[in-house]
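A.B. asks: In full-length UniProt numbering, the protein residues as written are 1 to 514.
For every residue, glycine included, the Cβ atom is placed at its ideal position computed from N, Cα and C.
Would you mind keeping the following structure in view while I ask a few things?
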């Protein structure tokens, strides 16, 4: 048997009193986090959750996340982490598509009323039976949302011991939602073995010593944060300092205060650290402690990489992966020469190659589409056998990313899946936006592309052909998009046109729009 919850359980056995999580003034030991996870497991079993049932979780980087994540795994359930920026329509879709039986949702803030959005989505997902509200304050004793059960009240009386359900290495542990490049979001099924192996290998790639301290700024609902930060930290018994939302000044304050040694982030976070007006004393403190810096999610601009080296005296190691690869597939390893701009070499037990549209291998430098095979490849897309068959053949997963390879075997991304936008490290899938935009009565046709942006990498732009007689304005459509899409998705730029460039078969030529 193998259950990913062994990461928390083993740390609690070996270092029970060590700080596992630091959040504000709270310092929570491994033993305490494990005990609350046991209570969560007991709660789920008491409410009828069976092994293999799906449990959704929507929480920023708060102690709630690992407690519920591992509690669900202990009960043999499958965790479905949801982006905290999703709107009610999107939440209802994810709950329904994943067949979630229970949903744990953070209350949120006045600026981001996540609990209200989550409960609205839950009410439109009839198969989801239980909704637990994670209060923003421990002093909350009554639910601010009618019909929502408070998390701590639900845990009251639940034992803090639990006999973990025996799961097989190939059983699904987590479903991570991703759209690939087209259509509605799809759930990538990742097994206990996928995730454990990736965490153990990530540890060997960039961790320096046991009991380090990591700053957690990557969203834990994203596979990058889950594997490369949360799971790796548990494997190493490292202390995780939680920051719910990235802010360069707050990040620097915590790095100094907690003597942070490991930082993993997306390029925009490094850009924020680089451009922050950091005091000389703080820079000195960070240079003395920070030993590992990891970047992923998008290509790191060379000027940012050089700037971080000059400012903090640390080399930023770049890697590559996807939700479907658990996520790490390649990395610039510390035991081999680092090549700036490269995504490095395939990790242990993983193969990479370049292929053409017909799955034929491309020899030499390429370019070609990157395909990956190994222990990190997902089981498939949940309830989507055709999509799975399209993306996996003979164990090889085609990534949709175009790359090249040098004589030393290092890979480089030269282009992405032609339509996908990466905004601030988040994947934005144009087709999903286009289909919803076209439900607006003033929109006849929509084409969404990414345009360059100094801090976010790319910004979302919509080209619109209005319906005849429509008086729709740019500001009105942007405001409408803000109501219907997660904050990282909605188009910030709108351009109205009389026509869009198309091929002879009627396909919009997005490369011309870009």
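Helix, strand or coil: which one does DSSP assign to residue 296?
C.D. replies: Here the question's residue 296 lines up with position 296 in the chain shown. Residue 296: coil per DSSP, three-state reduction.
A.B. asks: Note down the Cα distance separating residue 268 from residue 48, rounded to an integer number of angstroms.
C.D. replies: Here the question's residue 268 lines up with position 268 in the chain shown. Here the question's residue 48 lines up with position 48 in the chain shown. Distance between the alpha carbons of residue 268 and residue 48: 43 Å.
A.B. asks: Would you call the segment 139-146 in contact with the segment 162-171, where contact means no fewer than 3 C-beta pairs closer than 8 Å?
C.D. replies: no
A.B. asks: Please find out if some non-hydrogen atom of the ligand SAM comes closer than 7 Å to the beta-carbon of residue 446.
C.D. replies: The ligand SAM is not part of the structure shown, which contains no ligands of any sort.
A.B. asks: Taking contact to mean 3 or more Cβ pairs, one atom from each stretch, closer than 8 Å, check whether the segment 257-265 and the segment 279-295 are in contact.
C.D. replies: Touching, yes, given that three or more Cβ pairs across the two stretches are closer than 8 Å.
A.B. asks: Which residue's Cα is closest to the Cα of residue 157: 429, 419, 38?
C.D. replies: Position 157 of the chain shown, counted from the first residue, corresponds to residue 157. Here the closest residue by C-alpha is 38.
A.B. asks: Nearest CA to the CA of residue 344: which residue from 248, 350, 325, 411?
C.D. replies: Your numbering for residue 344 matches position 344 in the chain shown. Ranking 248, 350, 325, 411 by Cα distance to residue 344 puts 411 first.
A.B. asks: Between the C-alpha atoms of residue 103 and residue 140, what's the straight-line distance to the nearest angstrom?
C.D. replies: In the chain shown, counting from the first residue as 1, residue 103 sits at position 103. In the chain shown, counting from the first residue as 1, residue 140 sits at position 140. Near 19 Å, if we compare the C-alpha coordinates of residue 140 and residue 103.
A.B. asks: Whose C-beta lies closer than 8 Å to the C-beta of residue 200 among residues of the same chain, with five residues either side of it excluded?
C.D. replies: Here residue 200 refers to the residue found at position 200 of the chain shown. Counting only Cβ-Cβ distances below 8 Å, and skipping sequence neighbours, we find 235.
A.B. asks: Could you tell me the alpha carbon to alpha carbon distance between residue 486 and residue 423, rounded to whole angstroms?
C.D. replies: For this step, residue 486 is matched to residue 486 along the chain shown. For this step, residue 423 is matched to residue 423 along the chain shown. So the alpha carbons of these two residues sit roughly 12 Å apart.
A.B. asks: In angstroms with no decimal places, state the Cα-to-Cα distance between residue 135 and residue 329.
C.D. replies: Along the chain shown, one-based indexing puts residue 135 at 135. Along the chain shown, one-based indexing puts residue 329 at 329. If I take the Cα positions, the gap works out to 37 Å.
A.B. asks: Throw me the rounded Cβ distance for the residue 445 and residue 500 pair, which I believe falls under 8 Å.
C.D. replies: Here the question's residue 445 lines up with position 445 in the chain shown. Here the question's residue 500 lines up with position 500 in the chain shown. With a Cβ gap of about 7 Å, residue 445 and residue 500 count as contacting.
A.B. asks: Could you say which of 402, 276, 209, 387 lies nearest to residue 366 if we only look at CA atoms?
C.D. replies: Here the question's residue 366 lines up with position 366 in the chain shown. Residue 366 has its Cα closest to that of 402, out of 402, 276, 209, 387.
A.B. asks: Once DSSP output is grouped into helix, strand and coil, what is the label at residue 396?
C.D. replies: The count along the chain shown starts at 1 and reaches residue 396 at position 396. Here DSSP, grouped into helix, strand and coil, assigns residue 396 to strand.
A.B. asks: Check whether the Cβ atoms of residue 132 and residue 107 sit closer than 8 Å, and answer yes or no.
C.D. replies: Numbered from 1 along the chain shown, position 132 holds the residue referred to as residue 132. Numbered from 1 along the chain shown, position 107 holds the residue referred to as residue 107. Cβ atoms of residue 132 and residue 107: not closer than 8 Å.
A.B. asks: How close, in whole Å, do the beta carbons of residue 105 and residue 58 come, if the pair is a contact with beta carbons under 8 Å?
C.D. replies: Counted from its first residue, the chain shown places residue 105 at position 105. Counted from its first residue, the chain shown places residue 58 at position 58. Between residue 58 and residue 105 the Cβ distance is about 5 Å, and since that is below 8 Å, they are a contact.
A.B. asks: Taking the alpha-carbon of residue 414 as reference, which of 408, 227, 1, 400 has the nearest alpha-carbon?
C.D. replies: Residue numbering aside, residue 414 sits at position 414 when the chain shown is read from its first letter. Of the listed residues, the one whose Cα sits closest to residue 414 is 400.
A.B. asks: Going along the chain, which unbroken runs of the beta strand (DSSP E) with 3 or more residues stay wholly within the segment 83-131?
C.D. replies: 100-106
A.B. asks: Excluding the 5 residues flanking residue 4 on each side, which residues of the same chain have their C-beta closer than 7 Å to its C-beta?
C.D. replies: As a position in the chain shown, residue 4 is number 4, starting the count at 1. For residue 4, where only same-chain residues beyond five positions count, the Cβ hits under 7 Å are 73, 173, 192, 195, 196.
A.B. asks: Tell me which same chain residues have a C-beta within less than 6 Å of the C-beta of residue 228, skipping the five on either side of it?
C.D. replies: Numbered from 1 along the chain shown, position 228 holds the residue referred to as residue 228. Closer than 6 Å at Cβ, skipping near neighbours: 202, 264.
A.B. asks: Out of curiosity, what's the CA-to-CA distance linking residue 353 and residue 395?
C.D. replies: As a position in the chain shown, residue 353 is number 353, starting the count at 1. As a position in the chain shown, residue 395 is number 395, starting the count at 1. Cα to Cα, the separation comes out at about 12 Å.
A.B. asks: Residues bridged to residue 216 by DSSP?
C.D. replies: Reading the chain shown from its first residue, position 216 is the one you call residue 216. Residue 216 is bridged to 242.
A.B. asks: On the three-state DSSP scale, how would you describe residue 14?
C.D. replies: Here residue 14 refers to the residue found at position 14 when the chain shown is read from its first residue. Residue 14: helix per DSSP, three-state reduction.
A.B. asks: Are the CB atoms of residue 187 and residue 97 within a distance shorter than 8 Å?
C.D. replies: Here residue 97 is taken as the residue at index 97 of the chain shown, counted from 1. Here residue 187 is taken as the residue at index 187 of the chain shown, counted from 1. Yes, the pair counts as a contact, with Cβ atoms nearer than the cut-off.
A.B. asks: Pull up the CB-CB distance for residue 101 and residue 130, whole angstroms please, since I reckon it's below 8 Å.
C.D. replies: Here residue 101 corresponds to residue number 101 of the chain shown, with the count starting at 1. Here residue 130 corresponds to residue number 130 of the chain shown, with the count starting at 1. Rounded, the Cβ-Cβ distance is 7 Å, consistent with contact.
A.B. asks: How many Å lie between residue 60 and residue 392 at the Cα?
C.D. replies: Counting from one through the chain shown, the residue named residue 60 turns up at place 60. Counting from one through the chain shown, the residue named residue 392 turns up at place 392. Answer to the nearest angstrom: the Cα atoms are 32 Å apart.
A.B. asks: Among 458, 455, 498, 451, which has the Cα closest to the Cα of residue 468?
C.D. replies: Translated into positions along the chain shown, residue 468 becomes position 468. That would be 498, whose Cα lies nearest to the Cα of residue 468.
A.B. asks: Among 372, 289, 312, which has the Cα closest to the Cα of residue 320?
C.D. replies: On the chain shown, position 320 is the one that residue 320 refers to. That would be 372, whose Cα lies nearest to the Cα of residue 320.
A.B. asks: For residue 251, collect the residues of the same chain with a Cβ closer than 7 Å to its Cβ; drop the 5 residues on either side in sequence, then sort them by chain order.
C.D. replies: Looking up residue 251 in the chain shown gives position 251. Excluding five sequence positions before and after residue 251, the CB atoms of its chain that fall closer than 7 Å to its own CB belong to 215, 217, 243, 273, given in chain order.
A.B. asks: Do residue 449 and residue 513 come within 8 Å of each other at the CB atom, strictly closer than that value?
C.D. replies: Counting from 1 along the chain shown, the entry for residue 513 is found at position 513. Counting from 1 along the chain shown, the entry for residue 449 is found at position 449. Yes. Within cutoff.
A.B. asks: Between residue 434 and residue 280, what straight-line distance do the alpha-carbon atoms span, to the nearest angstrom?
C.D. replies: What you label residue 434 is simply residue 434 of the chain shown in a count that begins at 1. What you label residue 280 is simply residue 280 of the chain shown in a count that begins at 1. Their backbone Cα atoms lie some 47 Å apart in a straight line.
A.B. asks: Counting contacts by CB-CB distance shorter than 8 Å, is residue 166 in contact with chain D?
C.D. replies: This model lacks chain D altogether; it includes just one protein chain.
A.B. asks: Going by beta carbon distance, what residues of the same chain come within less than 6 Å of residue 180, once the five residues before and after it are set aside?
C.D. replies: Taking the chain shown and counting its residues from 1, the one referred to as residue 180 is at position 180. The predicted model places residue 180 with a pLDDT of 46, which falls under 50 and marks its position as unreliable; any figure quoted below should be read in that light. So no residue of the chain qualifies.
A.B. asks: Look at the alpha carbon of residue 338 and the alpha carbon of residue 219, and state the distance between them as a whole number of angstroms.
C.D. replies: Locating residue 338 in the chain shown gives position 338, where the first residue counts as 1. Locating residue 219 in the chain shown gives position 219, where the first residue counts as 1. Their backbone Cα atoms lie some 26 Å apart in a straight line.
A.B. asks: List the whole-angstrom C-beta distance separating residue 26 from residue 66, where the pair is believed to meet the contact cut-off of C-beta under 8 Å.
C.D. replies: Numbered from its first residue, the chain shown carries residue 26 at position 26. Numbered from its first residue, the chain shown carries residue 66 at position 66. So it is not a contact: roughly 13 Å between Cβ atoms.
A.B. asks: Return the CA-CA distance between residue 211 and residue 241, expressed in angstroms with no decimal places.
C.D. replies: Translated into positions along the chain shown, residue 211 becomes position 211. Translated into positions along the chain shown, residue 241 becomes position 241. If I take the Cα positions, the gap works out to 13 Å.
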